[in-house]
Amino acid sequence: MSTPAPPQPPARPRLGVFKFASCDGCQLTLLDCEDELLGIAAELEIAHFLEASSEPAPGPYDLVLVEGSVSTPEHVERIRRIRADARHLVTIGACATAGGVQALRNYADVEGYLATVYARPEYIETLATSTPISAHVPVDFELRGCPIDRGQLVEVITAFLAGRKPAIPNHSVCFACKRRGNVCVTVAHGTPCLGPVTHAGCGALCPTYGRGCYGCFGPAGTTNLPALVPLMQRDGMSEEDIGRYLHTFNVTAFTAVEEQGQPGTTDAEGPG
């Protein structure tokens with residue numbers, strides 16, 4: 149009589165990490181997790197992550213992290229294929245959630261940019277706009293930042309493994325400043341700062357070192373730009389300067405706030 153085969157361990161959930169138009173900084177944040185990454189690798193099969201492995205595996209995937217914006221016709225088709233292979237899809241970083249710095253082209257002549265940068269612009273296949281992933285496929289959660297915060301990234305991965313909504317704060321950078329005991333750079337020094345309208349997540353890094361917030365995490369859940377703009381003008385910024393300040397890392401997100409008033413909740417509910 150043959151001995152029955154031992155039971156096989158359950159298959160680990162499969163993780164895929166993909167890049168579109170971006171600088172790779174948010175993917176590198178995952179590699180920077182170091183010890184936490186070892187724990188993640190024990191719980192997840194990292195099936196596709198070109199920054200970490202030269203042998204990517206095909207889908208389907210239980211969780212997909214996407215960095216970068218959609219900026220070419222090929223991107224449009226590719227993100228649809230990835231979404232079809234993903235049980236849950238999370239966008240990471242300002243490029244994926246709001247189009248990134250490259251979305252400045254949305255408000256200018258992209259043909260002029262091409263002619264300035266490339267000797268043979270006719271060889272470049274690009275779209276007139278740079279758009280967030282959510283403009284093309286359903287997204288289960290958006291993780292902000294340029295780059296993202298590694299603690300928040302670990303929380304998102306942990307939450308999806310546990311089948312719960314990620315516990316990511318939706319308040320402004322000002323809350324983080326208070327927790328760190330920072331003196332307000334605007335009140336004390338007259339330094340223009342986007343902290344009151346910017347989504348928390350950076351740990352108030354810039355104000356901690358005496359600089360104003362640059363808004364790299366995009367708009368907070370509740371913003372009041374009409375109240376902030378006069379303070380920035382009082383501190384010496386022109387209307388043009390304020391526009392540039394707002395329209396760097398998250399131009400599409402802050403423009404939506406300006407045009408439509410208070411933004412809606414952009415964070416999806418996570419797995420139910």
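Counting from 149, one number per residue, gives the positions in the sequence shown under this note's numbering. Ideal Cβ positions, reconstructed from N, Cα and C, are used throughout, including at glycine.
Check	Outcome
Burial state of Thr239 (16 or more Cβ within 10 Å)	buried
Exposure of Ala159, with buried meaning 16 or more beta-carbon neighbours within 10 Å	exposed
With 16 other Cβ atoms within 10 Å as the buried cut-off, status of Arg327	exposed
Three-way DSSP call (helix, strand, coil) for Lys326 in this model	helix
Cβ-Cβ distance between Gly351 and Ala324 below 7 Å	yes
C-alpha gap between Cys181 and Val302, whole angstroms	8 Å
Whole-angstrom distance between Leu394 and Tyr255, CA atom to CA atom	14 Å
Cβ shell of Val249 (< 7 Å), same chain only, five flanking positions each side left out	Thr396 and Phe397
DSSP beta-bridge partners of Val238	Leu213 and Phe289
6 Å Cβ shell around Thr371 - same chain, five flanking residues per side excluded	Val345 and Val405
Closest residue to Phe166 among Ala190, Gly216 and Pro208 (Cα-Cα distance)	Gly216
Below-7 Å beta-carbon distance, Gln175 vs any chain C residue	Here chain C cannot be found, since the structure has a single protein chain.
At least three beta-carbon pairs within less than 8 Å, the segment 361-376 to the segment 203-218	no
Cβ shell of Ala263 (< 8 Å), same chain only, five flanking positions each side left out	Pro269
Buried versus exposed, by CB contacts within 10 Å (16 or more), Leu490	The requested residue 490 is not part of the displayed model; the chain covers only 149 to 420.
Through-space distance from Pro161 to Thr400, alpha-carbon basis	34 Å
C-beta atoms of Val331 and Thr339 nearer than 7 Å	no
Exposure label - His223; buried when at least 16 CB within 10 Å	buried
Inter-residue Cα distance where the pair is Phe289 and Asp233	16 Å
Residues sharing a beta bridge with Pro367, DSSP	Thr346
For Phe308, the three-state DSSP class (helix, strand or coil)	helix
Unbroken beta strand (DSSP E) run spanning Ala195, endpoints	Glu193 to Phe197
Boundaries (first-last residue) of the alpha helix (DSSP H) holding Gly173	Gly173 to Leu179
Cβ-Cβ separation, Ile227 to Ile281 (assumed contact under 8 Å), whole Å	6 Å
Rounded separation between Glu273 and Leu379 - CA only	43 Å
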